[in-house]
Every structure is written in structure tokens, then in C-alpha cells.
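Chains A and B, in that order, are what the protein sequence lines are.
Just so we're aligned, residue 1 is where the first sequence starts under this note's numbering, counting upward by one.
Just so we're aligned, residue 303 is where the second sequence starts under this note's numbering, counting upward by one.
Glycine is no exception: its CB is placed at the ideal position from the N, C-alpha and C atoms.
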Amino acid sequence: MSSKMKFSYYPGCSSQGSAKHLDESLRAIAPKIGIELEELDDWNCCGASVGHIGGGSLPNTALTGRNLAKAQQQGKQDVVTGCAACYLNTHAGNEKIKSDVKLRRQVNDALSAADLSYDDDLQVRHMCEVIVNDVGMDKIREQVTNPLTGLKVAGYVGCQTVRPFSSTDGGGNYDTYEDPDFLNDFTEACGAEAVDFNLKTSCCGGSVAVMSPDRTLHLIRDILQAAEDAEADVITTPCPLCQTNVEMYQDAINKKFGTKFNIPVIFYSQLMAVAFGMDPDKDAALKRNTIRARKLEKLAKK
Amino acid sequence: MTAALPETAENRYDLGFARWVRDNVEGGDKLSLCMQCGACSGSCPIGTQMDHGPRKIIAMIRAGMKDEVLSSNTLWNCTSCYRCTVRCPRGIPVTSIIQDLAAKAVEFGYADKKENALFAKSFWWSTSAFGRTDERLVTARYYFSLGFLEGIRRGLANLKIALGMVRTGRMHLGMPHKIKDIKGLTAILARAAEIEAEEANDEL
């Protein structure tokens, strides 16, 4: 891999809100690992977990159709996103539109209302899959100028980054559903220690945790407890909703269960930015975490 | 819109509802493959809080229990973790079935006042009005759709979280982010809804 790989980059709505630090750190590390991110022009929401309930099935799929039509105008390069929900919806929608003739016709009928069409054979990929399959750990290690020696990291993968596509051909066959290794590989490539963390693919409650936290706080408590038992300094995750849920509900969990959790939850891309010796604020966006990762901040190059 | 629901069967083992699910629900055509092993229910992170786990919901669909299925809280506790889907030995897309049944429950008036349906409506309001999810407005609109007092209560309960998000610059302040071609998106969504409605009429 000599020249830069170019992608149409779909940041997703959380990149302008709760997961700004994922977007900022991804954009910062991309050039270092040979990736050019060209933002998808005028992208829209993917529909997340509830779009089909609020808007109906076809309108929800049309959201993906519009993004794909915009990507098609932008070129043949693969579409990449860092967000688990954007990936799930856009990847699944793309595969369905490509394989289901009737759906493709209906989506294109809807798109024609804005003079758009999608008849290409684009690939929609997750940033982690691209890092595993196209970039490779050697390239990550090459960029590490500030190894995170002594930092203990619990790799929390969550759900939709791996399920249901990580072991499919379309999903790049990049890891397993139950016990994926990629996040620990990222951690160790950065010179940190990946602790043994047995809830790596347990669910944080997803959007149910946003709408009715009382129903799912115990799930997050279990994840935090496992990280604490493994003596992790930080939890790292690829998923915007996991990051926010596991971070922001720690007070509520402490109140409900009498625990004393105060564990930072950071994105793998923030870890990489620090390990690459980049700016802790501008590139790693460490100030965006409501529970500051003090130990990681101390390791960062000033 | 979807083809009209069948009448509730007098005989519980009428297959009318199962056939309707097969023809109208995403993944429904795979229901007949279920061997009731329970890997789905055993894998579900909050199956214990469901009226009926996914295995039982599938059995109930096949038994024609339309009202019980569509009014069950199972549809609203699914977190879309896809563990059931990847573990099902028969390859049944359990998550898709449950998620699409949730949409049908709203469409046919079984769940209008359920928290999650209100959340979905707040979400879609932002998506269709701006082309993007404004997390702040979706949350506020959802809280207040639960009633004025409940809106205030939830707002206060989450005040510290909100302030943390503002402090770290993760809650957008000011006008919502809006896509440039909102007119085009509105036209696409309207046409898609129209196609879906025509489809339902075809099947009646």
C-alpha cells in the first residue's frame, strides 16, 4: 500500500454532536495510515434503530438510497463510516438494494423525485474493517511514536460494529461475532496493554438506554464492573452510542446500585492519535470526554 | 403501509396471522424454519424484561395470537444487538422480524402511546425536517411527548448529563444542522411513502 486509499466518508449525525471526538480523531489519524477521507456531499441521517418505526420501511430505506446516490456521484470509491448504526443501516440497505430488484426499482422511483438514482455496485464499509483489511497492524505500529506503555485498556466492541456483518463476505470477514480480536490488536499496536475483558460484545442497551435508561442500566453496570475487575484504566470502543451510554450513565448507575464507577470511555481512534504523538486536544479530542482519561492525557505528547 | 391485518382468529391456531407475517414482515418468510430451540431468547440481553422472549413470540405468531404479539413489550425492548440473529442455527433474522413487527404495531395502532413509538416519532421528525438527527431536539421532543410534567422531570433528571455534553462541546447549541437539499429529501420521502401506500392497496 503505497498511495493513499480514497473513501467517501460518511460521518453520521453523531459526528456533529455526542461523538464529535470520534469524527475529529478519525480525520486526524486517517492521513497517517494512508487513508483519504472525502466527506460524502450533503449526507443525511441513516435512520438509526427507529427510522422504520417513525417513517415506514421504504422511506427509511430511501434515506440510505439518497446517501448511496450521492456517493455514486462522487465516484467509484468505497463508502466508509466510523459509526456502528450508520454502518449497519447503510451496509444492509446497500446490500438489499443491490440484490432485490423490486426494492431497487422502488428506491430509484423515490430518488427520481430529487433527480437522483443509484444503480452502482458500491461497497459500504466500517472504518475498523478498513483498518484491519486494508491498513493492517504493521502500518499502525509504524506510526506509533509515543507508545502507551503501562496503559491498561478494556476493548469494548459492542454490537453493530461486528453484528450481523463482520463474518460475511460483504462485511469483509474481518472478525468474529462473539469474540473479536481487532480492538485488542489496535490497543496493543499502540503499545498499551489489552486486558482480558469478557463482556467485549455485550450490549449497552443501545437506543433503549437513551429512551428508557431504567430498563438497561444494569447492562452498563455489568460492563463497567467487568472493566473494573480487569483493572482497566480506560474502556475503548468503536461505537458512538456505546461511548456515550457507558460514559454518561455512570452517575445514575452509582446512584442506583451503590457503585463508585468513574471509568473513562474513549474511542480507539483517540488512543491511536495519542500513540501517533498527535495533539491531545486538536487531534485526539481528549477534552470531549466527560470523564477525562487522565492517565492517557499524561502519556500524551504536549 | 402494509396489507390489512387478518381478523383475529376464533380458533387460536388459525394460520391467518402467521401467513400475514410471512408476507408482510421483513424476515417473516423464514419463520417456518424455527425449531424452537431458544438460542435467541437465551442470547437476548434484556429477554428477562420482555413479556415473551423471541422464541415464544415466534411460537405465538405461528399460533395466530395477533393481538398478544402486537401489543407485547417484546417489540420495544429489542436493543438491535443482533446476537439472536447471528446465533440462530436456522439462519432466521430474528432481530429484523422483531424490529419490523414494532413498526407494524405502530402502523396498526397497537403501540401509539408506547415510549419507544413516541421516541421513534420524535426521531423521524428531526430526520425528515432537517435530514439529520439533532440529538438535543429529539431528546427534548421525546421527553415532552410523554407529558409536560414528565418532560420537566426527565429534563431535570438528565440535567447533569446535558451540562456535561455542553461543557465538552458535544451538545450542539444554536440552529439545527440541516442538509443543503432538504427540498429534495422531502420529495424523496414523500414519494417513498406514496409507493408504500400504493403497494398496500395492491395487496388488499
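Helix or strand or just coil, what does DSSP make of residue 211 (chain A)?
helix
Measuring CB to CB, does residue 178 (chain A) end up less than 8 Å from residue 201 (chain A)?
yes
So which residues on chain A does residue 433 (chain B) lean against when the C-beta distance must stay under 7 Å?
Ordered by position in chain A, the residues that pass the 7 Å Cβ test against residue 433 (chain B) are 44, 45.
Strand pairing of residue 152 (chain A), partner residues [DSSP]:
A:193
Check each candidate in A:32, A:251, A:46 and name the one with the smallest Cα separation from residue 12 (chain A).
That would be A:46, whose Cα lies nearest to the Cα of residue 12 (chain A).
Hey, residue 288 (chain A) and residue 434 (chain B): beta-carbon distance below 8 Å or not?
Cβ distance not < 8 Å, so residue 288 (chain A) and residue 434 (chain B) don't count as in contact.
Quick check on residue 317 (chain B): does DSSP put it in helix, strand or coil?
The answer is coil: DSSP assigns residue 317 (chain B) none of H, G, I, E or B.
Can you pull the chain A residues whose beta carbon is under 7 Å from the beta carbon of residue 481 (chain B), in chain order?
42, 44
Quick one, are the C-beta atoms of residue 227 (chain A) and residue 216 (chain A) less than 8 Å apart?
Their beta carbons are not under 8 Å apart, which means residue 227 (chain A) does not touch residue 216 (chain A) by this criterion.
Buried or exposed (CB count within 10 angstroms, at least 16 for buried), residue 321 (chain B)
exposed
Indicate the three-state DSSP secondary structure (helix, strand or coil) for residue 116 (chain A) in the structure shown.
coil
Assuming residue 52 (chain A) is part of the alpha helix (DSSP H), what are its boundary residues?
51-55
By the 10 Å Cβ neighbour count, where 16 or more other Cβ atoms means buried, how is residue 285 (chain A) classified, buried or exposed?
With 16 or more Cβ atoms within 10 Å of its Cβ, residue 285 (chain A) is classed as buried.
In terms of alpha-carbon separation, which member of B:415, B:422, B:369, B:351 lies closest to residue 309 (chain B)?
B:369
Say whether chain A places a C-beta atom closer than 8 Å to the C-beta of residue 421 (chain B).
yes
Counting contacts by CB-CB distance shorter than 8 Å, is residue 50 (chain A) in contact with chain B?
yes
For residue 59 (chain A) and residue 437 (chain B), I'd like the C-alpha separation in whole angstroms.
20 Å
Report yes if the C-beta of residue 420 (chain B) is less than 7 Å from at least one heavy atom of the ligand FMN; otherwise report no.
The ligand FMN is not part of the structure shown, which contains no ligands of any sort.
Using the Cβ count rule (16 or more neighbours within 10 Å means buried), how would you classify residue 133 (chain A)?
By the neighbour-count rule (16 or more Cβ atoms within 10 Å), residue 133 (chain A) is not buried but exposed.
At the level of alpha carbons, what is the spacing between residue 34 (chain A) and residue 122 (chain A)?
21 Å
Counting only runs of 3+ residues fully inside the segment 358-445 of chain B, write out the beta strand (DSSP E) ranges in chain order.
As far as the segment 358-445 of chain B is concerned, it has no whole beta strand (DSSP E) run of at least 3 residues.
Can you find a CB in chain B that lies within less than 8 Å of the CB of residue 208 (chain A)?
yes
Just to confirm before moving on: does the CB-CB distance between residue 90 (chain A) and residue 10 (chain A) stay below 8 Å?
A contact, by the Cβ cut-off of 8 Å.
At a CB-CB cut-off below 9 Å, which residues of chain B make contact with residue 198 (chain A)?
In chain order: nothing, as chain B lies at least about 14 Å away.
Three or more C-beta pairs closer than 8 Å, one from the segment 485-505 of chain B and one from the segment 444-457 of chain B: is that the case here?
no
For residue 423 (chain B) and residue 54 (chain A), I'd like the C-alpha separation in whole angstroms.
Between the C-alpha atoms of residue 423 (chain B) and residue 54 (chain A) there is a straight-line separation of about 5 Å.
Could you pull out every residue in the same chain whose Cβ sits closer than 6 Å to the Cβ of residue 374 (chain B), ignoring the five residues on either side in sequence?
353, 354
For my contact list, residue 492 (chain B) and residue 303 (chain B) are in at a C-beta cut-off of 8 Å; report their separation, rounded to the angstrom.
That belief does not hold up - the Cβ atoms of residue 492 (chain B) and residue 303 (chain B) are roughly 14 Å apart, past 8 Å.
Looking at the secondary structure, which residues open and close the alpha helix (DSSP H) in which residue 451 (chain B) lies?
Element bounds for residue 451 (chain B): 450-459.
With DSSP as the reference, label residue 18 (chain A) as helix, strand or coil.
The DSSP-derived three-state label of residue 18 (chain A) is coil.
8 Å is my cut-off, CB to CB: does residue 299 (chain A) come that close to chain B?
no
Which value, in whole angstroms, describes the spacing of the CA atoms of residue 401 (chain B) and residue 153 (chain A)?
34 Å
Would you be able to state if there are at least three C-beta pairs under 8 Å between the segment 265-278 of chain A and the segment 234-250 of chain A?
yes
Rounded to the nearest angstrom, what separates residue 38 (chain A) and residue 317 (chain B) at their Cα positions?
Residue 38 (chain A) and residue 317 (chain B): Cα-Cα distance of roughly 52 Å.
Could you spell out the range, first to last residue, of the alpha helix (DSSP H) harbouring residue 105 (chain A)?
101-111
Could you check whether residue 144 (chain A) and residue 303 (chain A) sit closer than 8 Å to each other, using their CB atoms as the reference points?
Look at the range of chain A in this structure, 1 to 302, and you will see that residue 303 (chain A) is not part of it.
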